[in-house]
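Novice: Residue numbers (my numbering), protein chains in the order written: chain A, 1 to 333; chain B, 1001 to 1182. A single structure is presented below for examination.
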């Protein structure tokens, strides 16, 4: 499916007042700064006079002068390099210079992990609107207790070195490749989880450990072990990765079960940057629902109205319309 | 359709181009050279211009490029001389003019000027493409498609640049706040 990017939802200057994140302070700075005003008629007349008299801008040296300066600099540079070569300085400065560099060892390509279609975690347990009826969309039931863990793979005693060795990339790639095939192609999250745990035991600081930890979250979610998935996400830095936004939405949805304030922060962070349509939809809905739970009905109404503007046929559009209508009847505006 | 004359374009758009230049350069920068250079380009390229309906986009594109070149020359000059600006520019130091509301409260005006200076100090730490995208989106309020046309890139590139500009801006803002703490 072709991904389309929609315009960011909020300019910083349109953020709500009174927030404490750095983006809110940046928004205050922007809102409080001055807009340029019209130039004075005198300045415009001065410019027009210069244009009419065809005088060149004072800032630009003649073309011939610039070309002469460039030629002179090149000549000086070439002369210096030649002198350094004759005096043998170059060899001392660049001892590792080799006309035939050794090619790096070939690395086997890794199958690029595809985005998983794992089942969505539990959506926010939607509160009832101001008056009945109850919201039409129900949260999918999710096991609150973690499923019994699969049997751990018995391992031999760890090697004598207490710290993880610098692993050969090809071994790491093979180990991770196995786990990802189990997760994505064979749809066996239990086996994948075991493989990923083994991988992370062997290569806790391996070059692919971050990918492995993200895949571990996918496996836990597939097994409906949402508490452990949330623990894993809380421990992971979610920046500078192509899955950062997606994982932050997931973390928000998991946090929303018990901590709507922190969940709202995750959703807000996602909405403050350019994101995929699908993620924006989830974040807008999630933040709106969280705001309802926190009692911020005005903020929730704004989010849900925006949701309906952007996703009039979205998964939660019917519920959002019903909630807004009920709020309107109850005098919420 | 006949092309508009150069004089009519200047009379109709000089003020707007000047405001864009001030916005892109920042407070205390000489906008007159930039406006002059923009209209030099307009005069030279007017025969190639096709559609009067898109003249503002065309002018904006030229203004962005000329302002960017001016900033690059100013950086080069300050690196060579160790000074902030070339002496020729200092003659036309202009500040950002206050809006009508601000002039009634000098304290508010002072604070607004201070915020504007801080804002542009932070923006100057961004690379030029990110800085330009940030200004056009956050300060000028242009849409992604408009910015893409002005900067001759794809819309997806605009969003990537905006995302990185915002990230860098927030880092710079945190550093600045940390330095300000007593």
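Don't be surprised by glycine CBs; every beta carbon is placed ideally from N, CA and C.
Distance cutoff 9 Å, beta carbons only. Does residue 30/A sit that close to anything in chain B?
Specialist: Judged by the 9 Å Cβ criterion, residue 30/A is in contact with chain B.
Novice: How many angstroms separate the CA atom of residue 1101/B from the CA atom of residue 302/A?
Specialist: Summary for residue 1101/B: the model assigns pLDDT 43, below 50, so the residue's position carries little reliability, and this model does not support an answer.
Novice: For the 8 Å Cβ check, are there 3 or more pairs between the region 195-203 of chain A and the region 230-246 of chain A?
Specialist: no
Novice: Assign residue 316/A to one of two classes, buried (16 or more other C-beta atoms within 10 Å of its C-beta) or exposed (fewer than that).
Specialist: buried
Novice: What in chain B is Cβ-close to residue 22/A, meaning under 7 Å?
Specialist: 1170, 1173, 1174
Novice: Are the region 1143-1151 of chain B and the region 1039-1050 of chain B touching, with three or more C-beta to C-beta distances below 8 Å?
Specialist: no
Novice: Can the beta-carbon of residue 1014/B be found less than 9 Å from the beta-carbon of residue 47/A?
Specialist: yes
Novice: Should residue 79/A be labelled buried (16 or more other beta-carbon atoms within 10 Å of its own) or exposed?
Specialist: exposed
Novice: Where does residue 276/A sit, in a helix, a strand or coil, going by DSSP?
Specialist: Strand, per DSSP.
Novice: Taking residue 265/A as the reference, which of 276/A, 274/A, 243/A, 290/A has the closest Cα?
Specialist: 290/A
Novice: Compute the Euclidean distance between the alpha carbons of residue 171/A and residue 33/A, then round it to the nearest angstrom.
Specialist: 56 Å
Novice: Cβ of residue 286/A within 9 Å of Cβ of residue 263/A?
Specialist: Taking 9 Å as the Cβ cut-off, residue 286/A and residue 263/A qualify as a contacting pair.
Novice: Between residue 1137/B and residue 1162/B, how many whole angstroms is the CB-CB distance? I'm expecting something under 8 Å.
Specialist: 6 Å
Novice: Which residues of chain B have a Cβ atom closer than 7 Å to the Cβ of residue 323/A, listed in chain order?
Specialist: Proximity of chain B to residue 323/A at the Cβ level (cut-off 7 Å) is not reached, the minimal Cβ distance being about 30 Å.
Novice: Does the beta carbon of residue 38/A sit closer than 9 Å to a beta carbon anywhere in chain B?
Specialist: It does: the Cβ of residue 38/A has a partner Cβ on chain B nearer than 9 Å.
Novice: Answer with buried or exposed for residue 1132/B, where buried requires no fewer than 16 other C-beta atoms within 10 angstroms of its C-beta.
Specialist: buried
Novice: Go through its chain and collect everything with a Cβ distance to residue 1123/B's Cβ below 6 Å, but skip five positions before and after it.
Specialist: Result list for residue 1123/B: 1131, in chain order.
Novice: Between residue 70/A and chain B, is the shortest Cβ-Cβ distance under 9 Å, so that the two count as touching?
Specialist: no
Novice: Mind listing the chain B neighbours of residue 48/A? Cutoff is C-beta to C-beta under 7 Å, in chain order.
Specialist: 1010
Novice: Does residue 207/A come out as helix, strand or coil in the three-state DSSP assignment?
Specialist: coil
Novice: Please confirm whether residue 310/A has its beta-carbon closer than 9 Å to some beta-carbon of chain B.
Specialist: no
Novice: Would you identify the three-state DSSP class for residue 1138/B, choosing helix, strand or coil?
Specialist: helix
Novice: Just to make sure I have the definition right: I need the residues of chain B whose C-beta is within less than 7 Å of the C-beta of residue 319/A. Which are they?
Specialist: Here the premise fails: no neighbours, minimum Cβ distance about 29 Å.
Novice: Got a sec: does the ligand NAP put a non-hydrogen atom nearer than 8 Å to the Cβ of residue 325/A?
Specialist: The ligand NAP is absent from the structure shown, which contains no ligand whatsoever.
Novice: Of the choices 288/A, 222/A, 38/A, 279/A, whose alpha-carbon is the least far from that of residue 245/A?
Specialist: 279/A
Novice: Taking all protein chains shown into account, do 16 or more other C-beta atoms lie within 10 angstroms of the C-beta of residue 328/A, making it buried, or fewer, making it exposed?
Specialist: exposed
Novice: Between which residues of its own chain and residue 1149/B is the CB-CB distance below 7 Å, once the five residues before and five after are set aside?
Specialist: Listed in chain order, the non-local C-beta contacts of residue 1149/B below 7 Å within the same chain comprise 1057, local neighbours out to five positions each way being set aside.
Novice: Looking only at its own chain, which residues have a Cβ that is under 6 Å from the Cβ of residue 208/A, when we skip the five neighbours before and after it?
Specialist: 172, 176
Novice: Terminal residues of the continuous alpha helix (DSSP H) containing residue 1153/B?
Specialist: Unbroken run through residue 1153/B: none, as it is neither H nor E.
Novice: Report buried or exposed for residue 1036/B, applying the criterion of at least 16 other Cβ atoms within 10 angstroms of its Cβ.
Specialist: buried
Novice: If we ignore side chains and look at the alpha-carbon of each, how far apart do residue 1072/B and residue 1079/B end up?
Specialist: Going by C-alpha positions, residue 1072/B is about 11 Å away from residue 1079/B.
Novice: Residue 274/A touches chain B at which residues, Cβ-Cβ below 8 Å?
Specialist: 1159, 1160, 1162, 1163
Novice: In chain D, which residues lie less than 8 Å from residue 1064/B when you measure between Cβ atoms?
Specialist: Absent from the structure: chain D. Protein chains present are A and B.
Novice: Name the chain A residues whose beta carbon is nearer than 8 Å to that of residue 1112/B?
Specialist: 32, 33, 34
Novice: Alpha carbon to alpha carbon, how far is residue 195/A from residue 178/A?
Specialist: If you take the alpha carbons of residue 195/A and residue 178/A, they lie about 7 Å apart.
Novice: Give a yes or no on whether the minimum CB-CB distance between residue 1041/B and chain A is below 9 Å.
Specialist: It does not: the Cβ of residue 1041/B has no partner Cβ on chain A nearer than 9 Å.
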